[in-house]
Amino acid sequence: MAKLEDLEKELYSPSEDRHIASRMKRRVIFPEISDKKRLPLWGADARAAPKKNFFRPRKMIPFFIAGITLFFILGGALFVFFYISTRGQEARVEIHARETVESGEVITIPVSFKNTSGSQLEGAEFTLVLPEGTLIYEGVESHPAPLRITQKIGSISPGEERTLEFKTRIFGREGEEKQIEAVLMYQPARINARFSSRNAQKITISRVPLALSWSIPNTVARNQEVEITLHYASSAELAFSDLSVRLEYPPGFLFISADPKPDVGDAIWQIGMLDPASEGKITVRGEITGEEGEIKPFRSFLGVFDASTKEWTSYLETSSDTKIAVAPLFVEGSINESRDTRIIPGERMRGVIRYKNNTDARMKNVFVRAILQDFPKGSTAPFSAPGQGFLNFKELSIENGGVFDGSARAIVWGPSGTDALKEIAPGQEGELTFSISTKERPPVRNANDKN
Numbered sequence: 168m169a170k171l172e173d174l175e176k177e178l179y180s181p182s183e184d185r186h187i188a189s190r191m192k193r194r195v196i197f198p199e200i201s202d203k204k205r206l207p208l209w210g211a212d213a214r215a216a217p218k219k220n221f222f223r224p225r226k227m228i229p230f231f232i233a234g235i236t237l238f239f240i241l242g243g244a245l246f247v248f249f250y251i252s253t254r255g256q257e258a259r260v261e262i263h264a265r266e267t268v269e270s271g272e273v274i275t276i277p278v279s280f281k282n283t284s285g286s287q288l289e290g291a292e293f294t295l296v297l298p299e300g301t302l303i304y305e306g307v308e309s310h311p312a313p314l315r316i317t318q319k320i321g322s323i324s325p326g327e328e329r330t331l332e333f334k335t336r337i338f339g340r341e342g343e344e345k346q347i348e349a350v351l352m353y354q355p356a357r358i359n360a361r362f363s364s365r366n367a368q369k370i371t372i373s374r375v376p377l378a379l380s381w382s383i384p385n386t387v388a389r390n391q392e393v394e395i396t397l398h399y400a401s402s403a404e405l406a407f408s409d410l411s412v413r414l415e416y417p418p419g420f421l422f423i424s425a426d427p428k429p430d431v432g433d434a435i436w437q438i439g440m441l442d443p444a445s446e447g448k449i450t451v452r453g454e455i456t457g458e459e460g461e462i463k464p465f466r467s468f469l470g471v472f473d474a475s476t477k478e479w480t481s482y483l484e485t486s487s488d489t490k491i492a493v494a495p496l497f498v499e500g501s502i503n504e505s506r507d508t509r510i511i512p513g514e515r516m517r518g519v520i521r522y523k524n525n526t527d528a529r530m531k532n533v534f535v536r537a538i539l540q541d542f543p544k545g546s547t548a549p550f551s552a553p554g555q556g557f558l559n560f561k562e563l564s565i566e567n568g569g570v571f572d573g574s575a576r577a578i579v580w581g582p583s584g585t586d587a588l589k590e591i592a593p594g595q596e597g598e599l600t601f602s603i604s605t606k607e608r609p610p611v612r613n614a615n616d617k618n
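Residue numbers for the sequence shown follow the numbering used here, beginning at 168 and rising by one.
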């Protein structure tokens, strides 16, 4: 018995358990059962032995769900893509306006829309976009149209067509294109999305029934006051409201006054209402400076001025030029009816100065100066004071209101003493005269002063 107990202790001792466990971890393959089902390890429960499955349905379920989801997403995306690409084909919008109109003319703009699909269109809404500055009528009264006019339409049955009409006045410059746009928003039945159908038409302004014209001289004198007049008129069938006139002056123009006075600065007049067949004028006075022969352009505009935003909308514009005359006032002097007269000591000489206005404008406040050279031809300088030369200034006689400036040895005619120089009309001529005697024995300073 003792040997049997010793054997049990040796077999079931902890060290022996570890030895057996390490041996059990080793893979032992027996040839006769290598291709067969493996048996459970010694000491293990045969019923709890794991089974190796190459196809497990539970693990494939997430992949199956993901595939189905991806299929529906791609299908929905394709559906939306093809449907959106054909949006607006359920309805058709058409604008039946004229292609050309006169600025400010009353026109009616018919706009039609039709349900071209086989299903009903729900929640339809129509929008008309008009050009800026358009007037729209409600009954017989007109008022500035908003940029967008929206009307709720409701449901539109398959094949149903409707027409809306808008009475308007469109303004603009001659040749300018104005665009009208119509938009129909709707929601097809059984589709939770809104779509639109739109159309646009351009209208050309054929003419503007307003007129601008200048009254301005072709040539003006440099540094002379000039008067220009702008005329405006209307040949329209209806009145134009809120009109303004704007002028652009050339460089070198100095504004002096205007009749009537400008409302903004010195270049904007607010006319207001311009009735059919009515007209008006604006007169501006100013002074022009510049080089001889220089062209000076004046520009005028007729339109609408927004005083709050300082924005200008022009319906009509025109321009006119004037030129600074090369010789605005022709002046020529002569002695004894000759421009090259031999002076004889003790002789009485008569001087004549002729002048002429060569411009197309009236010349005002003109001064003419005649310098008397008190030394013989060939001398390099005059004598230091009147009376020391060969002219006898004591016998100087000046006509036509002129005065003698002794320090400058000059006779001066001006508007204060000569009425003819207060204003010289275009093409007007005149004469200024004086007379003086030479000394019988003129002084001689050097050889050049002799004869």
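Ideal Cβ positions, reconstructed from N, Cα and C, are used throughout, including at glycine.
Contact under 8 Å by Cβ, residue i with residue j
i	j	result
Tyr522	Leu377	no
Ile274	Ile347	no
Phe601	Gly569	yes
Asn559	Lys490	no
Pro593	Asn532	no
Ala356	Glu289	yes
Ala291	Ile337	no
Phe497	Trp381	no
Ile578	Met516	no
Ile383	Thr335	no
Lys463	Phe420	yes
Ser284	Pro311	no
Ile565	Phe571	yes
Nearest candidate by alpha-carbon position, reference residue i, set the options
i	options	result
Trp436	Gly342, Leu410, Pro512	Leu410
Asp665	Arg576, Gly594, Ala575, Glu598	The shown model of the chain, from 168 to 618, leaves out residue 665, and the question about it has no answer.
Ile423	Glu394, Leu469, Met440	Glu394
Gly306	Glu332, Asn532, Asp527, Phe497	Glu332
Gly271	Met516, Ile438, Ala575, Leu405	Leu405
Phe293	Ala349, Pro325, Glu266	Ala349
Gly453	Arg389, Ile510, Ile578, Arg374	Arg389
Ser467	Leu496, Val412, Asp473	Val412
Ser279	Gln391, Val260, Leu295, Arg265	Val260
Ile520	Asp527, Arg509, Ile538, Ile511	Ile538
Ala492	Ile591, Thr526, Thr301	Thr526
Pro313	Gly321, Ile510, Thr301, Ala360	Thr301
Leu588	Arg536, Thr330, Pro427, Phe571	Arg536
Assigned secondary structure, residue i (DSSP; H/G/I helix, E/B strand, else coil)
i	result
Ile228	helix
Ile196	Confidence at Ile196 is low in this model, with a pLDDT of 49, below 50, so its placement is unreliable and the value that follows should be read with caution. Note: Ile196 maps to coil in three-state DSSP.
Ala444	coil
Ala264	coil
Asp586	helix
Thr600	strand
Leu314	coil
Ile511	coil
Ala349	strand
Ile240	helix
Ala641	With the chain covering 168 to 618 only, the question about residue 641 has no answer from this structure.
Ala291	strand
Ala258	strand
Gly339	coil
Ala216	Since pLDDT at Ala216 reaches only 49, below the 50 mark, its modelled position is unreliable, and the value read off the structure follows with that caveat. Coil, per DSSP.
Ala400	strand
Gly234	helix
Glu272	coil
Asp541	coil
Tyr416	coil
Glu299	coil
Ala592	coil
CA-to-CA distance, residue j to residue i, given in whole angstroms
i	j	result
Leu414	Gln256	52 Å
Gly573	Asp541	11 Å
Gln287	Ser445	55 Å
Gly513	Pro609	9 Å
Thr236	Thr317	42 Å
Ile455	Glu461	11 Å
Asn385	Arg365	54 Å
Gly339	Gln354	37 Å
Val268	Ser583	59 Å
Glu328	Ser402	40 Å
Ser475	Thr485	26 Å
Glu562	Lys448	54 Å
Leu619	Val471	Absent from the structure is residue 619, since the part of the chain shown begins at 168 and ends at 618.
Thr371	Glu343	6 Å
Leu297	Asp433	34 Å
Pro417	Arg529	20 Å
Ile228	Gln368	59 Å
Ser501	Glu458	29 Å
Ile591	Glu392	12 Å
Closer than 8 Å to chain B by CB, residue i
i	result
Glu348	Here chain B cannot be found, since the structure has a single protein chain.
Subject >> Minimum length 3: unbroken beta strand (DSSP E) runs contained in the region 551 to 576 >> reply: 558 to 565, 570 to 572
Subject >> Uninterrupted alpha helix (DSSP H) stretches inside the region 423 to 481 (no shorter than 4 residues) >> reply: Within the region 423 to 481, there are no complete alpha helix (DSSP H) runs of at least 4 residues.
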